[in-house]
Amino acid sequence: MSVSANLPLSVLLRYSLRDVFRINSLDYNINSLQTNLLTGKSKIELLNTNFAEEIIPDTPYDIVVTATTAQTISITWTVPTTGIKATNYATYVDGVRHGYGTLTYPYTAPSPSPPALIKNLVSGQTYSIQVSSFSADGLESRRSAALITSTNTTSTTPTAPSNLSVVSTLDNSVLLTWTASTFDSNAGDTGYNVYVNQVSSGLGFLLHSTVSSADFTSNSSQFNVTSLSAGTEYEFKVNAFDSYAPTPNSGFSNTVTQTTTDSTDLIPPSVPTNFTASNITTTSVDLSWFPSFNPDGTAATGYKVYQSTTLIANITNTSHTVNLLISGTTYKFFVSSYDANGNESANAGPLKITTL
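So in numbering that gives the first Met the number 0, the last one in the sequence shown is 355, and the numbering has no gaps at all.
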């Protein structure tokens with residue numbers, strides 16, 4: 000079936016041969032097109048098509064970001080050359096129509112379609128962007144697959160936390176403190192990631208918890224790492240994050256090692272052995288001993304050195320130099336070991352020495 004009609008030139012200029020023209024919900028191919036420039040009228044012959052179901056343009060694809068600023072995103076995409084000719088396009092941001100524009104043939108290189116500038120966005124925000132095509136009679140294609148992208152931000156990466164240390168230890172928790180990072184003032188999320196390594200597991204550092212910078216500050220710059228196992232050795236480190244920064248995560252703090260207590264453990268480590276003195280002078284002496292061990296074979300947490308009954312050193316190594324002694328005087332020294340729960344062994348000694 001064919002149909003002839005005289006239509007205004009302004010309408011027909013939107014079409015060319017082999018395009019599809021829609022009348023009363025039926026699609027027709029343009030078979031011939033004659034235009035009288037003097038009268039502004041055109042004669043068009045339409046043939047009934049065999050694909051009347053295909054009434055919308057094919058879906059655009061391959062959205063690509065060509066440029067971004069803090070408030071804009073520039074994109075381009077591919078317009079299919081199959082199916083019904085697309086004459087216009089629409090852009091969508093987070094499912095809401097954002098812009099509308101005109102497509103111009105050909106859809107080929109150097110640009111697959113006119114670029115679109117998406118404006119009035121928020122700095123550092125992530126958006127879902129789609130595009131669609133429209134035929135000359137206003138029928139819209141399906142929307143393209145979503146492109147997830149973000150606007151730029153002027154925020155800088157926060158400084159790394161420093162001076163990480165242990166405040167206190169319980170059976171199942173370790174209270175940490177550190178010097179706060181410096182964050183830019185923005186609308187992003189800022190805070191700290193706390194990483195924990197259970198030494199015996201062999202798994203290395205894993206993200207344990209996250210605390211906002213506001214909560215860390217309000218809690219006197221302390222954070223309690225919970226859900227730990229009693230009597231277990233852990234390593235801790237911390238970094239800072241700013242969700243608005245192009246590189247959101249800072250470097251890591253120093254690493255600290257701490258063994259949780261075990262309130263059920265009441266057995267002290269072994270008594271230090273081979274307690275000896277060397278390098279005796281008029282005012283000093285070097286003391287040393289062999290290490291002590293807990294019943295499970297792990298090393299003692301530390302040692303206490305006594306001069307007579309006075310505690311003069313609480314240390315983790317197995318030697319100590321005693322200074323400020325008096326020449327020609329006899330002294331007695333003792334040393335004990337202790338575990339993470341504070342269980343202290345019996346003393347080794349007395350070790351008697353006389354200064355020169």
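For each residue, glycine too, the CB sits at the ideal point set by N, CA and C.
Residue environment, residue i, which counts as buried when at least 16 other CB atoms sit within 10 Å
i, result
"T258", "buried"
"N316", "exposed"
"P247", "buried"
"F215", "buried"
"T189", "buried"
"L286", "buried"
"K84", "buried"
"S154", "buried"
"T260", "buried"
"L227", "buried"
"L45", "In this prediction, L45 scores a pLDDT of 48, lower than 50, which makes its location untrustworthy; no coordinate-derived value is stated."
"V237", "buried"
Beta-ladder partner(s) of residue i, from DSSP
i, result
"R96", "Y91"
"G190", "S211, F240"
"N162", "Note: N162 sits in no beta bridge, so no partner."
"D285", "S277, T320"
"K331", "K351"
"S336", "Y302"
"T309", "Q306"
"L169", "L169 pairs with nothing; no bridge assigned."
Euclidean distance between Cα positions of residue i and residue j
i, j, result
"F301", "P268", "Note on residue identity: the sequence assigns Gly, not Phe, to residue 301. Distance between the alpha carbons of G301 and P268 is about 10 Å."
"A159", "S127", "32 Å"
"I266", "P294", "8 Å"
"P59", "P114", "13 Å"
"T254", "F235", "6 Å"
"V78", "A144", "13 Å"
"E232", "D338", "12 Å"
"K378", "Y330", "With the chain covering only 0 through 355, there is no way to say anything about residue 378."
"L299", "A69", "A small fix is needed here, since residue 299 is Ala in this sequence, not Leu. Taking the straight line joining both Cα atoms gives about 57 Å."
"S208", "V193", "5 Å"
"V130", "Y243", "26 Å"
"E139", "S73", "22 Å"
"Y191", "N162", "14 Å"
"T297", "P290", "11 Å"
"T328", "S212", "57 Å"
"S1", "R142", "Reliability fails at S1, whose pLDDT of 42 lies under 50, so the model's placement of it is uncertain and no value is given."
"R21", "T80", "Legend: pLDDT at R21 = 49, less than 50; position of this residue unreliable, value from coordinates given subsequently. Answer to the nearest angstrom: the Cα atoms are 19 Å apart."
"I314", "V165", "17 Å"
"N218", "V210", "11 Å"
"I62", "L146", "7 Å"
"A347", "G187", "59 Å"
"L310", "V195", "34 Å"
"F333", "G201", "38 Å"
"T125", "F292", "55 Å"
"Y27", "G82", "At Y27 the pLDDT is 47, less than 50, meaning the model places this residue with poor confidence; the figure from the coordinates comes in the next sentence. Approximately 13 Å, taken between the alpha carbons."
"G98", "I117", "7 Å"
"A135", "L102", "10 Å"
"W288", "S318", "7 Å"
"T75", "A66", "10 Å"
Residue range of the unbroken beta strand (DSSP E) whose run includes residue i
i, result
"A387", "Any question about residue 387 goes unanswered here, given that the chain covers just 0 to 355."
"I128", "125-134"
"K118", "First-last for K118: undefined, no H or E at that position."
"D61", "60-67"
"L146", "146-149"
"I352", "347-353"
"T406", "Past the boundaries of the shown model lies residue 406; the chain is included only from 0 to 355, so the question cannot be answered."
"G250", "248-251"
"I55", "Per DSSP, I55 belongs to no beta strand (DSSP E) and is neither H nor E."
"S73", "72-77"
"N342", "Element bounds for N342: n/a, residue is neither H nor E."
"F204", "It is not in any beta strand (DSSP E) - F204 carries neither H nor E in the DSSP assignment."
"F222", "221-224"
"V270", "Unbroken run through V270: none, as it is neither H nor E."
"T256", "255-258"
Any 3 or more C-beta pairs closer than 8 Å across the region 164-184 and the region 268-276: Cβ pair count under 8 Å is below three, so no.
Contact the region 169-179 vs the region 90-102: 3+ CB pairs below 8 Å: The region 169-179 is not in contact with the region 90-102.
Inter-stretch contact at 8 Å, needing at least 3 Cβ pairs: the region 282-292 / the region 323-340: Short answer: they touch.
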